[in-house]
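In terms of this note's numbering, the sequence shown opens at residue 4 and continues consecutively.
Backbone N, C-alpha and C fix where the C-beta goes; we use that ideal spot for every residue, glycine too.
Fair warning: this is a prediction, and the values are worked out from it, not measured in the lab.
In what follows, a structure is listed as structure tokens, so that the remarks can point back to it.
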Amino acid sequence: MLRQLRIKDFAIIDEVQLNLGEGFNVITGETGAGKSIIIGALDLLLGARAHADLIRAEREEAVLEAQFDTRGIAQAAPASSNGTALTIRRKITREGRGKVTFNEDGATLGQLEDLGRRLVGIYGQHEYMDLVLTAKQMAYLDEFGGLEEAAEKLEEERRTVARLYEELRDFDRLEKARRERIDLLSFQVHEIEGARIRPNEDHELESERNILAHAEKIAQALGEADRALYSTDGSVVEQVGRHAESIRTLGEIDPRLTPMAEGLASAKSLIQDAARDISSYLGSMEFDPKRLESVEERLYQLDRLKKKYGPDLDSVLRLAEEGAREIEELSRKETDRGALAKRFEADWEAFAVRAEKFLKERRRFADRLAREVEAGCEEVGLAKARFAVTLTPGWMDQDGKPAKVDDAGKWLVSATPTMTIGYDFSANPGEPLRDLSRIASGGERSRIMLVLKNILSKKKEGATLIFDEVDAGIGGAVAEAVGRKLRELSRRHQILCITHLPQIACFGDAHFLVRKRRAGSRTVTEIVELGREERLEELARMLGGEKISDKARAYAAELLRIAPR
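Okay, structure coming up:
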């Protein structure tokens, strides 16, 4: 049970400490005093998400701490706890660097949330509205039957099967696009590979085309040079040679002429080499108009490929390589599709069998829950009420719509077994059972929810149960019946109840008042435990408002007298 709650720098709370006892603990106070802030702090201590704006203004962090006695709660205390004493502490900072500890040992939010579910159950002021929500109705039934873990596991399997089905559907939806992509890539790769392109081939052909286009001009110029330099009498080679020999002879007379003769001899040798190169080039030249036409055609083919597939031949060749790899990958997906289909069908069949078995188990608990709720209604002022849980089996498709059958009358492989639920209610004798969401008033729903929580609380023996204004929509004798029910519930659980009704508050074993007061320029919230006289005044205030009359005090005293102890 919750022994102590300490809250510091949280919302409008400066620092408060709440020491709780066993049994029925009541919290009252005017609207806006901060009662729900206490529930918010407890919610955070049980793993709820924190926000920086929850920290008190002008403070950098908020600290929340709860001390529990974990005796009687199976597997509630972590290994680090000291026997049955457990202190949970959570720090919230504006920078988002919060910290959770169990008896000073670090813990995660996941561990805190898991532990919190076993230690405390919080039931909010509008939770009776959940009675009209089919998801909540099913959750209550599963909690009653102890089927939550099985339901969670089955839902996880359903999501797995649904994901496989979506993969198959996406695969089939994209099949046409995949085939079109393979066809396009195959055409491109075939066209490029069929062209038998060599790296840098276009540059080589452009150079050759330029030479072939000017072959006649080149041949004429080289022929004239060949004749002038070497091939005719009186050629440049012959003349340079003759002058070199003449000057060499004169060098015997004047040695200064010898270098000149050697220079002319060297020039003759260079001219001879150039002449031989020109002659060789001329000998290899073939002016073939057909070759020029062939080169032009090839360049046109390469230019067309570059315009289609890339700015240059390297890009064209790279596209062909990448396309071939993509074709291989896309073709492999056909095999993947077959494996995926087999896996889906096997998983779906196994899931369908387990789902059918689970739904039968769920149906078995529906009648038992209805009988217990009906019996509990008499204790909260609904003596003649009747209650039923209706379950309708069916099948749904992966979109959550009713499943269709194929031509053979079999469920499509995409369908999964499901079950719809309804809570039916009749408050008066002779009236037929009808959908609770349509005929039950807010007060009736609130009392049915309390009965339901009382039934479900037996599954959480020893846990602290917190009721946040569950008295919405009721009053008078009905409120008194609810108070008695909460009092009965406190025999098995520690109860913490926030209420605005004195007919409920009078049943508390301990009564705490939440109020605001001025502290300098600030407003702070404080919690005080009330003695008998203070408690009588608070009940009178709840009965009569701001101005407390003697009649209100007398009625408050009567409530305290008749409330069982």
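Cross-strand partners of residue i (DSSP beta bridge)
i	result
F13	I16, I58
H514	V29
L89	F71
N22	Q7
E529	R518
V319	According to DSSP, which records beta bridges pairwise, V319 is partnered with nothing at all.
F470	Y126, C500
E64	T96
D108	F105
Counted within 10 angstroms of its Cβ, other Cβ atoms place residue i as buried (16 or more) or exposed
i	result
V593	The structure shown has nothing for residue 593, since the chain only spans 4 to 568.
R521	exposed
E381	exposed
F190	exposed
D257	exposed
T502	buried
A505	In the sequence as displayed, the identity of residue 505 is Pro instead of Ala. Per the 10 Å Cβ criterion, buried.
T526	exposed
T528	buried
K38	buried
A342	exposed
K461	exposed
R172	exposed
H496	buried
K456	buried
E332	exposed
Same chain only: Cβ atoms within 6 angstroms of residue i, ignoring 5 sequence neighbours per side
i	result
I569	Since the first and last residues shown for the chain are 4 and 568, residue 569 lies out of range.
L499	N28, I469
K413	Its pLDDT being 46, under 50, K413 is placed unreliably by the model, and the measurement read from it follows with that caveat. Hits under 6 angstroms: none found.
I281	L225, A228, D229
G397	T421
T90	Q70, N106
V66	K11, K94
DSSP state of residue i mapped onto helix, strand, coil
i	result
E159	helix
N203	coil
R195	In the sequence under discussion, the amino acid at residue 195 is Ile, which differs from the Arg named in the question. If DSSP states are grouped into helix, strand and coil, I195 belongs with the helices.
R97	coil
R176	helix
K396	The amino acid occupying residue 396 in the given sequence is Pro; Lys does not appear at that position. Looking at P396 - three-state DSSP - the assignment turns out to be strand.
K102	strand
K554	helix
G425	strand
I256	coil
G412	Model confidence at G412 stands at a pLDDT of 44, short of 50, so the residue's coordinates are unreliable; what they give is reported in the following sentence. If DSSP states are grouped into helix, strand and coil, G412 belongs with coil.
S234	helix
T261	helix
R437	strand
F347	helix
A82	Confidence at A82 is low in this model, with a pLDDT of 47, below 50, so its placement is unreliable and the value that follows should be read with caution. Coil, per DSSP.
F290	coil
G35	coil
A388	coil
N431	coil
S210	helix
G43	helix
H246	helix
G548	coil
S493	coil
Chain B within 8 angstroms of residue i, Cβ atoms only
i	result
D17	No chain B is part of this structure, which consists of one protein chain only.
beta-carbon residue i near the ligand ZN non-hydrogen atom, thresh 7 angstroms
i	result
L542	In the structure shown, the ligand ZN is absent, as is every other ligand, since no ligand is present at all.
Cut-off 7 angstroms between Cβ atoms - residues of its own chain near residue i, not counting five sequence neighbours on either side
i	result
E211	V298
G24	D512, A513
F147	F368, L372, I458, L459
A466	I76, R121, L122, V123, G124, H496
A247	A264, L267, A268, K271
Other residues of its chain near residue i: CB distance less than 8 angstroms, five sequence neighbours each side excluded
i	result
A430	L385, K387, A388, I442, A443, E447
E18	R9, I10, K11, D12
R556	L539, E540, A543
G284	Note on residue identity: the sequence assigns Tyr, not Gly, to residue 284. If we look at Y284 and ignore the five residues flanking it on each side, its Cβ neighbours are L225.
L215	F290, D291, R294, L295, V298
I15	G37, I40, R59, K519, T526, V527, T528
query: Between the region 26 to 42 and the region 505 to 519, are three or more C-beta pairs nearer than 8 angstroms?
result: yes
query: Looking at C-beta atoms only, is the number of pairs between the region 195 to 209 and the region 258 to 272 that lie closer than 8 angstroms three or more?
result: no
task: State whether the region 271 to 278 contacts the region 175 to 195, with contact taken as three or more CB pairs (one from each stretch) at a distance under 8 angstroms.
output: no
Inter-stretch contact (C-beta, 8 angstroms, three-pair minimum) for the region 420 to 429 and the region 350 to 365: yes
query: Would you call the region 150 to 170 and the region 352 to 362 touching, i.e. three or more CB-CB distances under 8 angstroms?
result: yes
query: Would you call the region 6 to 14 and the region 60 to 75 touching, i.e. three or more CB-CB distances under 8 angstroms?
result: By the criterion of at least three beta-carbon pairs nearer than 8 angstroms, the region 6 to 14 is in contact with the region 60 to 75.
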